[in-house]
Each structure stands twice: as structure tokens, then as C-alpha cells.
Amino acid sequence: SQQGEEDPQALSIQEGENATMNCSYKTSINNLQWYRQNSGRGLVHLILIRSNEREKHSGRLRVTLDTSKKSSSLLITASRAADTASYFCATLTGANNLFFGTGTRLTVIP
Amino acid sequence: DAGVTQSPTHLIKTRGQQVTLRCSPKSGHDTVSWYQQALGQGPQFIFQYYEEEERQRGNFPDRFSGHQFPNYSSELNVNALLLGDSALYLCASTGSNEKLFFGSGTQLSVL
Chain C
-1 SQQGEEDPQA LSIQEGENAT MNCSYKTSIN NLQWYRQNSG RGLVHLILIR SNEREKHSGR
59 LRVTLDTSKK SSSLLITASR AADTASYFCA TLTGANNLFF GTGTRLTVIP
Chain A
151 DAGVTQSPTH LIKTRGQQVT LRCSPKSGHD TVSWYQQALG QGPQFIFQYY EEEERQRGNF
211 PDRFSGHQFP NYSSELNVNA LLLGDSALYL CASTGSNEKL FFGSGTQLSV L
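Which chain is which? The protein sequence lines are C and A, in order.
Under my numbering, the first residue of the first sequence is numbered -1, with each subsequent residue one higher.
Under my numbering, the first residue of the second sequence is numbered 151, with each subsequent residue one higher.
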């Protein structure tokens, strides 16, 4: 079963707008990672945030983590048409395996 | 530096048949994980191999088995295929950090 759940399931925005995706998970984690997938192919790692971190930035990406609420959010600023993809959160547990959420399908309209 | 490579890209099988999927990890990586991704879903963890042994296993039946070779490449075998086994099978490798590097996947269709 999935460890995490993303919200919303689908998001459609205009180019230049910001996109926010949320992830909730169930158990204690070592870290939380966000991945991107284009057209059902391989996933690409975007950013990793450790359980003792609250916020992390990478280029146009900003990730927050609230371990008390077991939730994370991914913000993509100034979106581009090329950002159109599915985005997944994944949690690393003590068993050292990554468990993925259900994904958010982002469409950026030019 | 080659990334993670998977073969074949696409595969069509019939129910009851057996299939073998192959994966070569990124150079320098010694750990290989396999995931199953059904259409519209997130990847589901099947198992992970390290030092030629299955280290962790997800909630998949024994019909799913694997192997890791001394050069760290890996195979995923599925026996007695069911229609529900139709999915994208993803291989991912990792080294000393916790990031996964994914291959492009094998799209398996069971008819």
C-alpha cells in the first residue's frame, strides 16, 4: 500500500503562476523526497529534506516538512510549460526503502 | 557515465507465461530496487537487492522473484503472469546517498 498521499490529484495552472502540492504520510521517516515523472517513464529526483529540517530550496523549488503533522509541501515558483509532469513524494523509513505516494498530475498551460 | 538502463522497453505476454526483466545500475551503485507502477498510481516497492541478496521485500507474492549479479546488475522474474501484472516496472539504483536513480522502465502488457 502507498505510504503517502498527494493532494491535489490534479492541478492545472497558467504559465508563470506558482504550483503547490501537498503530501501526507503515515509513519516516522528518515527523510522525504520529491520526484518528477514525465509521461509514465522513469522518475527523476528533485529534492530531499531530512526529518530534522523544516524547509529546503533548490532553484524554483521550495519544500517544507512538518513532522508533527506528517506532511510536506512542494512549491514550484514561476511555472513553465516544461514543468508539466506528475510529481510524487516518497518517504524513507527505517527499513531504508522509499515508499511513494499517489502523485499529483500538474499541467502548466502556456 | 551511463545511468540506469532497463531492457526490454516494452513486452507483451499472455496469462500464465513467465517474464524476465533486466536492469543495469548507474556506475558506482551497488543497490538495486524494483518497483511496479500501475496506470495512474505511484510506484509500489517490490524488493531491493544488495550484495546479491534480497534485503527488503514489499507486499508482493512469491511469483515475483529477483536476482542480483556480482556486477550489481539485476533481474526481476514474474511467473504465472496475471492480467493484473500489466504495469510499468521500474528499476532504481542507489549508492552511498539515499537518492534513487531510475531507469526508463519496462512496460509489460499481459493479455
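We put the CB at the ideal spot given by N, CA and C, even for glycine.
Taking 8 Å as the CB-CB cut-off, is residue 105(C) touching chain A?
Along the first sequence, one-based indexing puts residue 105(C) at 107. So no, residue 105(C) is outside the interface.
Suppose the cutoff is 6 Å on Cβ atoms and the five residues either side in sequence are ignored; what does the same chain contact list for residue 222(A) look like?
Residue 222(A) sits at position 72 when you count from the first residue of the second sequence. Closer than 6 Å at the Cβ level, and outside the excluded window around residue 222(A), lie 175 and 180.
Using DSSP bridges, identify the partner residues of residue 71(C).
The residue labelled residue 71(C) in the question sits at position 73 within the first sequence. Beta-bridge pairing links residue 71(C) to 20(C) and 62(C).
List the residues of chain A whose Cβ lies closer than 8 Å to the Cβ of residue 100(C), in chain order.
On the first sequence, residue 100(C) is found 102 positions in, with the first residue counted as 1. The answer, in chain order, is 191 and 192.
Am I right that residue 82(C) and residue 106(C) are in contact with their C-beta atoms under 8 Å? What's the rounded C-beta distance?
Along the first sequence, one-based indexing puts residue 82(C) at 84. Along the first sequence, one-based indexing puts residue 106(C) at 108. Confirmed, Cβ separation roughly 5 Å.
Quick one: Cα of residue 231(A) to Cα of residue 238(A), how far?
Taking the first residue of the second sequence as 1, we reach residue 231(A) at position 81. Taking the first residue of the second sequence as 1, we reach residue 238(A) at position 88. So the two alpha carbons sit approximately 14 Å from each other.
Endpoints, beta strand (DSSP E) assigned at residue 189(A):
Position 39 of the second sequence, counting from 1, holds the residue named residue 189(A). That residue, residue 189(A), is in no beta strand (DSSP E); it is neither H nor E in DSSP.
What residue range is occupied by the uninterrupted beta strand (DSSP E) comprising residue 97(C)?
On the first sequence, position 99 is the one that residue 97(C) refers to. Residue 97(C) -> beta strand (DSSP E) spans 96 to 98.
Quick check on residue 204(A): buried or exposed, where buried means 16 or more other Cβ atoms within 10 Å of its Cβ?
In the second sequence, the residue the question calls residue 204(A) occupies position 54. So residue 204(A) counts as exposed.
Hey, how far is the Cα of residue 169(A) from the Cα of residue 215(A)?
As a working mapping, residue 169(A) is identified with position 19 in the second sequence. As a working mapping, residue 215(A) is identified with position 65 in the second sequence. Using only the alpha carbons, I get a separation of about 11 Å.
Could you please give the first and the last residue of the uninterrupted beta strand (DSSP E) stretch that includes residue 203(A)?
Along the second sequence, one-based indexing puts residue 203(A) at 53. Where residue 203(A) is concerned, the enclosing beta strand (DSSP E) stretches over 203 to 207.
Separation of residue 20(C) from residue 69(C), as counted between CA atoms:
Indexing the first sequence from 1 puts residue 69(C) at position 71. Indexing the first sequence from 1 puts residue 20(C) at position 22. Spanning the two alpha carbons is a distance of roughly 7 Å.
Which class does residue 233(A) belong to by DSSP, given the choice of helix, strand or coil?
In the second sequence, the residue the question calls residue 233(A) occupies position 83. Looking at residue 233(A) - three-state DSSP - the assignment turns out to be helix.
Name the chain A residues whose beta carbon is nearer than 9 Å to that of residue 34(C)?
Residue mapping note: residue 34(C) aligns to position 36 of the first sequence, counting from 1. Chain A residues near residue 34(C): none, gap ~11 Å exceeds 9 Å.
Going by C-alpha to C-alpha distance, which of 91(C), 95(C) and 89(C) sits closest to residue 243(A)?
Position 93 of the second sequence, counting from 1, holds the residue named residue 243(A). Minimum Cα distance to residue 243(A) is reached at 95(C).
Show which residues of chain A have a CB atom less than 8 Å away from the CB atom of residue 90(C).
What you label residue 90(C) is simply residue 92 of the first sequence in a count that begins at 1. 248, listed in chain order.
Contact between the segment 153 to 172 of chain A and the segment 54 to 61 of chain C: three or more CB pairs below 8 Å?
no
Do residue 9(C) and residue 100(C) come within 8 Å of each other at the CB atom, strictly closer than that value?
Start at 1 with the first residue of the first sequence, and residue 100(C) comes out as number 102. Start at 1 with the first residue of the first sequence, and residue 9(C) comes out as number 11. Cβ atoms of residue 100(C) and residue 9(C): not closer than 8 Å.
In whole angstroms, what is the alpha-carbon distance linking residue 15(C) and residue 213(A)?
As a working note, residue 15(C) is residue 17 in the first sequence. As a working note, residue 213(A) is residue 63 in the second sequence. Cα-Cα distance, rounded: 47 Å.
State yes or no: is the C-beta of residue 13(C) within less than 8 Å of the C-beta of residue 77(C)?
Locating residue 13(C) in the first sequence gives position 15, counting from the first residue. Locating residue 77(C) in the first sequence gives position 79, counting from the first residue. For residue 13(C) and residue 77(C), yes; Cβs fall inside 8 Å.
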